[in-house]
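Novice: Sending over a structure as structure tokens; questions will come in a sec.
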Amino acid sequence: MKTIIKFLFLPMISLSLFIYVFINDISPKLGLDLQGGISLILTAEEGTDSELIEQAVNIMRSRISAFGDVQEPEISISGENSVLVQLPGITDQEKAIEAVGTTGLLTFRPVLNSSLSLGYSPALTIVENPDDPENPIISAPNGVDSLTGLTINDDPTKVSYLLSLSGGYPVIYELGPAVLTGNDISDALAVYPQNEWIVQLVLKDNSANKFTELTKQLASLTGEQRKLAIVLDSQVISAPGIALDVNPNIGITGGTAAISMGNADQGESANNLAVVLRYGALPVSFERSSIQKVSATLGENTLRLGLEAGLIGLIFVSLFLIFYYRINGFIAILGLSSFGMLFYSAISLLGKYQGYTLTLAGIAGIIVSIGLAADSYIVTFEKFKDELKIGRSFQYASEKAVTEAWKTILTADFVSLTASVILYVLAIGPIRGFALTLGLATIFDLIFTRFFTKNAVPLFAKVSDNTRLFFPIKKEVLSNV
Amino acid sequence: MFKKLFLGTTEINFYKLGNTFLKVFIVEMTIFIAVIGLSLSGYRDLNLSVDFTGGTTYQLSTDYSSDDISDVMNNTILKVSRYQTFENSNSIIFRAVESTQDKETELLNYLSYKFDVPTENIEFQRVGPTFGAEITSKGLRALFIFLAIIVALISFRYELKFAIIALVALFHDLLLSYTVYELLGLEITPSTIIALLTILGYSLYDTVILFDKLKDSQKIYKRNNLNSDILNKTFNEVLMRSINTSLTSAFPIISILFLGNYLGIDGSLSDFAVPLLIGILSGTYSSIFVTVPFLSKIIKTN
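Going down the list, the sequences are from chains B and A. No gaps in the numbering here: position 252 of the first sequence is 336 in this note's numbering, and each next residue is one more. No gaps in the numbering here: position 47 of the second sequence is 931 in this note's numbering, and each next residue is one more.
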């Protein structure tokens, strides 16, 4: 009884895990190559500070979430200086790639007018329609969308109508040509001197004069025109007004300025603004080293191919094992299917709790591991045969076989495990997915050999000592060697 | 025959065959070196994927004629270096050399217009050459560390001589895979590199199982070193396992290849399957045909 429990222990655990995963509707998280979408690898120059890359990744994340349309964007650092961007189910490819990959342009532009004073975009001219007072005639200058009143292709050297979302509600600003750019800034810091957050802006020495001139001019104006817009990639990040106590004849001097940010959000917006000011956009420039677009159908087809090939492979292996090893073949099939269920559950759970995604390379790893797992059974059964051949009893032979086989498999699996650990630690991108599945499979293989096969083979050796039930050969032939 | 193979009582004198195997091994090596020499001196080109050379691939499903293909190959926008079609599927892949983004988009629009397929239905992949280079260099670094650990492990568990034989078998498998790729002109993709790394693991796994068996036989004969009897007994007995294991490992991979071809799906899964199959066959082969001559040499010097 005890041995039967021992024998069924792992299959039961695998089955219950599988049922748990199935009932809770947890399935493996599919990588982009199986689901469709865009995958992009961006590489910074060798030796780039890892902190800068982390900052860049954070900026990319916020850009992508502003982009909408993306289901579960995944942006991660891969290797020393690469960033892996995965955007599943995205349609506007070019725009998305641009959103993450470009360094972005930061400009300072004087505000000429805004929707705050008009109530609608300053680009639009609204004339009352004498025929239909409900629907006034709206006209927009060239290059401006007549529906939104926003400039379509922003050129920083010309007047543009750009959107700001930073205030919690949309504002459209009419902006003059850029006067300063991100290059004029030497540093920006969010500080909390007293009662409110401010962003302390430090300009480069040779840009301080330009800034003084600009603020002189702005300080002489009133209302919206007193504001200076900070624009990143055609979006107004902030539009602080020049303080009322700035003298229009002197301007802001000394190459520094303070932007008041209020107290509302514990300095979060102040910090964000400081980061944007400091780094323009991305703190490092990236080269697009790989862009891959996979359509949803190709992804599905590939997944189907992988699953079907795996299943067919498993069926062939099973038929072969039953033909060749008979009762032991059934042990192997029970073990292999439990192995399969455990593996599926593990990958699903890893996907849910650790964010592990199953990619094509991962599927290849699984298919290879079916072969390696089957080999562990073959090694055991062959040892069993060898022991029978030298005239041992079934019971003794089976026990000796599992002990000896364990040692062999331990050594051989150690080689596979070493390979997967080294690959996982040192390699990048797709190789990692492959290494992880292979390593996981090897560990499961060891567990099954030690706690399943080791109990199962001696248990079934008790059933009968008819050689025919274990091998495709007669007893006399086996013992006559 | 099967009975003997099954019982491990085939009476092949591996010890004596060692010399013949050695000759085969030398012939193989000569071919490998010749092929490598040819490709190094530029007479033959390895078929490297865009990941290594940089460029763009376009894949679309459409009805096409051979005229359409030659039109595309001779287009004036961008040099299309290769195309690929499939049986049982109307998929077609074009590979263009590296160029500017404008040119690539122009070709995309051209293909879209020519085959009347909307641009969003054309699989489009653009890569710089750095990706392939990075995968290769990281892979090589992983390889060297892996080999160092494996040599230490096998020397510790068995003998240094065995570790060296395992390395020779492994290099044999790598060179064989390389030569097959070179001669058949199969495309080398990052997946191929991953698969090659797996081949290494597989080749060693096979060799280690064999060494283990060899050690077992030594125990049975109560000897500390090899002799021709131990060698012959071990290899005759291990033949069946080798065949069985390569069969069970090859089944799933062969089914990928057949299904993939049947469904008309090209792509990374087949990219894995081909080198893995070559590797498994070569690994099985080398664990017997490459190790035997060197083990015979060890016995002779003893």
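Every residue, glycine too, gets a C-beta built ideally from N, C-alpha and C.
List, from N- to C-terminal side, the alpha helix (DSSP H) runs of 4 residues or more that fit wholly inside the stretch 896 to 945 of chain A.
Specialist: 898 to 924, 934 to 937
Novice: Which partner residues does R966/A have in the DSSP bridge list?
Specialist: Within the second sequence, numbered from 1, the residue matching residue 966/A stands at position 82. Looking at the DSSP assignment, R966/A forms a beta bridge with R979/A.
Novice: Consider the Cβ of L1161/A: report whether some Cβ of chain B lies at a distance smaller than 7 Å.
Specialist: Numbered from 1 along the second sequence, position 277 holds the residue referred to as residue 1161/A. Not an interface residue.
Novice: Tell me the rounded alpha-carbon separation between I135/B and L126/B.
Specialist: Counting from 1 along the first sequence, the entry for residue 135/B is found at position 51. Counting from 1 along the first sequence, the entry for residue 126/B is found at position 42. For the record, residue 135/B in the displayed sequence is Glu; it is not Ile. Distance between the alpha carbons of E135/B and L126/B is about 16 Å.
Novice: Answer yes or no: do L1094/A and V1122/A have a C-beta to C-beta separation smaller than 7 Å?
Specialist: Translated into positions along the second sequence, residue 1094/A becomes position 210. Translated into positions along the second sequence, residue 1122/A becomes position 238. A contact, by the Cβ cut-off of 7 Å.
Novice: Return no unless some Cβ of chain A is closer than 7 Å to the Cβ of K113/B.
Specialist: Counting from 1 along the first sequence, the entry for residue 113/B is found at position 29. Taking Cβ atoms only, chain A never reaches closer than 7 Å to K113/B, which makes this a no.
Novice: The beta strand (DSSP E) spanning S198/B covers which residue range?
Specialist: As a working note, residue 198/B is residue 114 in the first sequence. Unbroken beta strand (DSSP E) run through S198/B: 190 to 198.
Novice: How many whole angstroms separate the CB atoms of L118/B and T551/B, which I take to be in contact at a CB cut-off of 8 Å?
Specialist: In the first sequence, residue 118/B corresponds to position 34, counting from 1. In the first sequence, residue 551/B corresponds to position 467, counting from 1. The pair is not a contact, with the Cβ atoms about 46 Å apart (cut-off 8 Å).
Novice: Is there a Cβ of chain A sitting closer than 7 Å to that of F400/B, yes or no?
Specialist: Residue numbering aside, residue 400/B sits at position 316 when the first sequence is read from its first letter. Yes, its Cβ sits closer than 7 Å to a Cβ of chain A.
Novice: So which of E258/B, G131/B, L520/B has the shortest CA-CA distance to L444/B?
Specialist: Counting from 1 along the first sequence, the entry for residue 444/B is found at position 360. The candidate whose alpha carbon is nearest that of L444/B is L520/B.
Novice: Pair every Cβ in the stretch 1110 to 1120 of chain A with every Cβ in the stretch 886 to 897 of chain A, then say whether three or more of these pairs are closer than 8 Å.
Specialist: yes
Novice: So, is the C-beta of K1022/A closer than 7 Å to a C-beta in chain B?
Specialist: Counted from its first residue, the second sequence places residue 1022/A at position 138. Judged by the 7 Å Cβ criterion, K1022/A is in contact with chain B.
Novice: Can you give the Cα-Cα distance for T566/B and L891/A, rounded to whole angstroms?
Specialist: Since the displayed chain B opens at 85 and closes at 565, residue 566/B lies outside it and no answer follows.
Novice: Can you confirm whether the stretch 288 to 301 of chain B touches the stretch 337 to 352 of chain B when touching is taken to mean that 3 or more C-beta pairs between the two stretches lie within less than 8 Å?
Specialist: yes
Novice: Would you identify the three-state DSSP class for L259/B, choosing helix, strand or coil?
Specialist: For this step, residue 259/B is matched to residue 175 along the first sequence. In the structure shown, L259/B sits in a strand (DSSP, three-state: E or B).
Novice: Counting only runs that start and end within the stretch 1044 to 1109 of chain A, where is the alpha helix (DSSP H) found for 4 or more residues in a row?
Specialist: 1044 to 1068, 1074 to 1104
Novice: Quick one: residues in its chain with C-beta nearer than 6 Å to the C-beta of F465/B, no 5 flanking neighbours on either side, listed in chain order?
Specialist: Numbered from its first residue, the first sequence carries residue 465/B at position 381. Once the five neighbours on either side are set aside, the close Cβ partners of F465/B are Y409, N412.
Novice: Determine, using beta-carbon pairs with one atom in the stretch 369 to 381 of chain B and one in the stretch 1000 to 1007 of chain A, whether at least three such pairs fall under 8 Å.
Specialist: The way I'd put it, the stretch 369 to 381 of chain B does touch the stretch 1000 to 1007 of chain A; three or more beta-carbon pairs between them come closer than 8 Å.
Novice: Looking at the secondary structure, which residues open and close the alpha helix (DSSP H) in which T340/B lies?
Specialist: Counted from its first residue, the first sequence places residue 340/B at position 256. First-last for T340/B: 340 to 346, but that is the beta strand (DSSP E), not the alpha helix (DSSP H).
Novice: Report yes or no: is there a C-beta of chain B within less than 7 Å of the C-beta of V911/A?
Specialist: As a position in the second sequence, residue 911/A is number 27, starting the count at 1. The beta carbon of V911/A does not come within 7 Å of any beta carbon belonging to chain B, so the residue lies off that interface.
Novice: Here's a check: name, in chain order, each residue in its chain whose Cβ is nearer than 7 Å to the Cβ of T441/B, leaving out the five neighbours to either side.
Specialist: Here residue 441/B is taken as the residue at index 357 of the first sequence, counted from 1. Cβ-Cβ distances below 7 Å link T441/B to K113, L114, G115, G435 in the same chain, with the five nearest sequence neighbours on each side left out; the list follows chain order.
Novice: Taking its Cβ as the centre, do 16 or more other Cβ atoms sit within 10 Å of F1156/A, making it buried, or is it exposed?
Specialist: Taking the first residue of the second sequence as position 1, residue 1156/A is located at position 272. Classification of F1156/A: buried, given that the 10 Å Cβ count is 16 or more.
Novice: Does DSSP put Y276/B in a helix, in a strand, or in coil?
Specialist: In the first sequence, counting from the first residue as 1, residue 276/B sits at position 192. It is a strand residue.
Novice: Could you pull the start and end residues of the beta strand (DSSP E) that Y566/B belongs to?
Specialist: A query on residue 566/B cannot be resolved here, the shown segment of chain B reaching from 85 to 565 and no further.
Novice: For the 8 Å Cβ check, are there 3 or more pairs between the stretch 497 to 506 of chain B and the stretch 1074 to 1089 of chain A?
Specialist: Per the Cβ contact rule, the stretch 497 to 506 of chain B is in contact with the stretch 1074 to 1089 of chain A (3 or more Cβ pairs under 8 Å).
Novice: Between which two residues does the beta strand (DSSP E) containing K377/B stretch?
Specialist: As a first step, residue 377/B must be located in the first sequence, where it is residue number 293. Counting along the chain, the beta strand (DSSP E) containing K377/B begins and ends at 371 to 378.
Novice: Given a limit of 9 Å on CB to CB distance, which residues of the stretch 1069 to 1090 of chain A reach chain B?
Specialist: P1074, S1075, I1077, I1078, A1079, L1081, T1082, L1084, G1085, Y1086, L1088, Y1089, D1090
Novice: Where do the ends of the alpha helix (DSSP H) carrying L312/B lie?
Specialist: Sequence index remark: in the first sequence, residue 312/B carries index 228 (1-based). Element bounds for L312/B: not the alpha helix (DSSP H) but the beta strand (DSSP E), 312 to 316.
Novice: Do D549/B and F478/B come within 7 Å of each other at the CB atom, strictly closer than that value?
Specialist: The count along the first sequence starts at 1 and reaches residue 478/B at position 394. The count along the first sequence starts at 1 and reaches residue 549/B at position 465. Taking 7 Å as the Cβ cut-off, F478/B and D549/B qualify as a contacting pair.
Novice: State the DSSP-derived secondary structure class of P172/B, mapped to helix, strand or coil.
Specialist: The residue labelled residue 172/B in the question sits at position 88 within the first sequence. DSSP places P172/B in strand when its eight states are reduced to three.
Novice: What are the complete alpha helix (DSSP H) segments, minimum 4 residues, inside the stretch 108 to 142 of chain B?
Specialist: 116 to 119
Novice: Against chain A, with Cβ distances strictly below 7 Å, would E466/B count as a contact?
Specialist: Residue mapping note: residue 466/B aligns to position 382 of the first sequence, counting from 1. For E466/B, the answer is yes, since a Cβ of chain A falls inside 7 Å of its Cβ.
Novice: From K1099/A to V1158/A, what does the alpha carbon distance come to, in whole angstroms?
Specialist: For the purposes of this step, residue 1099/A is taken as the residue at position 215 of the second sequence. For the purposes of this step, residue 1158/A is taken as the residue at position 274 of the second sequence. Near 34 Å, if we compare the C-alpha coordinates of V1158/A and K1099/A.
Novice: Identify, in the order they occur along the chain, each residue of the same chain with its Cβ nearer than 7 Å to the Cβ of L906/A, setting aside the five sequence neighbours on each side.
Specialist: Taking the second sequence and counting its residues from 1, one reaches residue 906/A at position 22. Same-chain partners within the cutoff: P1177.
Novice: Got a sec? Which residues, its chain only, sit under 8 Å from L992/A by beta carbon, not counting five neighbours each side?
Specialist: By one-based count along the second sequence, residue 992/A stands at place 108. If we look at L992/A and ignore the five residues flanking it on each side, its Cβ neighbours are Y942, T1003, I1006, F1008.
Novice: For E1007/A, which residues does DSSP report across the bridge?
Specialist: Position 123 of the second sequence, counting from 1, holds the residue named residue 1007/A. Partner(s): Q943/A.
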